[in-house]
Structures are given as structure tokens and as C-alpha cells.
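Report on the following structure.
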Amino acid sequence: MKRKLSLSKVYRLLEPGPVVLLTTARRGRANVMAMSWHTMLEFEPPLVGCVVSNRNYSFDALRLTRECAINVPTVELAAKVVKCGNTSGRRRDKFTAYGLTPVPASLIEAPLIAQCYANLECRVVDSRMVRKYNFFVLEVCRAWIDAAVRSARTIHHRGRGEFMVAGRTIRLPSRMK
Ligand SMILES: Cc1cc2nc3c(=O)[nH]c(=O)nc-3n(C[C@H](O)[C@H](O)[C@H](O)COP(=O)(O)O)c2cc1C
């Protein structure tokens, strides 16, 4: 027996991927926000689509510098991720406030976050859908991974402060890369 689901809750079923920390830097000032509305668009070069609301301080930094880093945290950082998603860099330095360590990236100005197990240096390659949807297409131009982390326990947003933690890994035959 199924019931109608409010359209406002549809995203909770489909929301993809792990919650990530998006870092930007504009005029030498770095910032970080939580982001879960992102999607893979291409394998190689890796293209990632993401929605960054124009209400966020990060929006202008991304739109004007056309650079950012996607930092992938694990469950140990969950509380800090939520803080980054509930405060604005307009008024505070979230790195200092929440004890996140910015480290220089190799190709972009935006910093990487040391505590995240993976870091993706990205450039905006298509902004045609920014005006209508706040949707940016990013190309990952360099990627970093902590080789010591085997099965990363990433966090996945289910709305209203609920997160699923990635757990058991299963292997099945697949032709996907
Ligand atoms: C779990 C979580 C996921 C979020 N995902 C997104 C997202 O995909 N896109 C977005 O624009 N804002 C998202 N937000 C909200 C921003 O992180 C939030 O508005 C933040 O305060 C923006 O920071 P800024 O003003 O420093 O850029 C999310 C927040 C949380 C807690």
C-alpha cells in the first residue's frame, strides 16, 4: 500500500552522492559550504554538475572565479559539515571557526581541506544553466585521495538533519567503469 508523497520530499529519495564541502576563494578570501545537490555528468575528463544557490556567499565566488574544490568528508566530520551548511562565510571564517585546515591546491586558488579524504580541483566549464537553475558544470582537473582510506564512510543527506552513512560494500559484475 503506497501513499502520495509530497513533491517537496522527492529530493530526499533521489538526492545523490555524498555530502561534500565546496571550497572557493575570492580576492584571497577562502570559504567553504556544504553541498549535496551534485551529479556526475561524464567519466573522463570527469564532469560534475552542481547547484549552488545564488543566496549563498559561495555563489559569486564560484561564478566570478570559475574555480572551486570539492572536498569529500567522512562521517567523522559530519558535525562540522552541518555547521558549514548552516552558516555563511559572509560574516565568518568557517575554517577557523570549525577547525578545518585549508591547504593550497595545485591548479586553483581555492584551498583543499586537509581533513577530507578526497579533494577534487575543479574549473567551471559551462555556466549556461546558472541563471535559470544555479547549476554549474565543473571539470575536475586534478584529484587527490588518501590511499589509507579503504571504504570511505561518506555521509548522504536525507533531509531534515538526517544522514545515511555509507556502509557495507558489495561487488557485482558490471560493465560500468
Ligand atoms: C547537508 C547540506 C547540504 C547542502 N547542500 C547544498 C547544495 O547542494 N547547494 C546549495 O546551494 N546549498 C546547500 N546547502 C546549504 C549551504 O551549505 C548553506 O546555505 C551555506 O550556509 C552556504 O554558505 P556560504 O553562504 O558561506 O556560501 C546544504 C546544507 C546542508 C546542511
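Each residue of the sequence shown is one higher than the one before, starting from 49 at the first, in the numbering used here. In this text, a Cβ means the ideal position worked out from N, Cα and C, and glycines have one as well.
- Task: May I ask you to report which of helix, strand or coil DSSP gives A145?
- Result: In this structure, A145 counts as helix in the three-state DSSP scheme.
Backbone secondary structure at V151 - three-state DSSP: It is a strand residue.
Exercise for review: Just tell me which of R171, K128, R176 has its CA closest to the CA of C164.
Suggested key: Answer by Cα proximity: K128.
- Given that a residue counts as buried once 16 or more other Cβ atoms are within 10 Å of its Cβ, and exposed if not, what is P93? When all chains shown are included, P93 counts as exposed.
### Task
Measuring alpha carbon to alpha carbon, tell me which of K57, V100, K180, L70 ends up nearest N167.
Closest by alpha carbon: L70.
Would S106 and T72 be called neighbours here (beta carbons separated by less than 9 Å)? The Cβ-Cβ distance between S106 and T72 falls below 9 Å.
Problem - C-alpha distance - A158 paired with K52, whole-angstrom precision - result: Distance between the alpha carbons of A158 and K52: 43 Å.
Quiz prompt | Beta-ladder partner(s) of W192, from DSSP | solution = By DSSP's assignment, W192 forms a beta bridge with N167.
- Would you tell me roughly how many angstroms separate the C-alpha atoms of S75 and R223, rounded to the nearest one? Checking the displayed sequence, the identity of residue 75 turns out to be Arg instead of Ser. Distance between the alpha carbons of R75 and R223 is about 45 Å.
What residues are listed by DSSP as bridge partners for D174? V185, per the DSSP bridge assignment.
Is the Cβ of R74 closer than 9 Å to any Cβ of chain B?
-> This model lacks chain B altogether, as it is built from one protein chain only.
In three-state terms, what does DSSP make of A200? Residue state, collapsed to three classes: coil.
> How many angstroms separate the CA atom of N77 from the CA atom of V213?
Replying inline: The sequence shown places Arg at residue 77, rather than the Asn named in the question. Taking the Cα positions, R77 is about 32 Å away from V213.
- Residues in its own chain within less than 6 Å of E169 by CB, not counting five upstream and five downstream? A117, A153, L155, I156, C189, R190, listed in sequence order.
Next item on the list: Report the three-state DSSP secondary structure of L55 (helix, strand or coil).
Entry: The three-state reading of DSSP puts L55 in helix, counting H, G and I together.
| message | Less than 8 Å separating the Cβ of Y105 from some heavy atom of ligand 1? | response | Answer for Y105: yes, Cβ within range of ligand 1.
E115 (DSSP reduced to helix, strand or coil): Here E115 sits in strand by DSSP.
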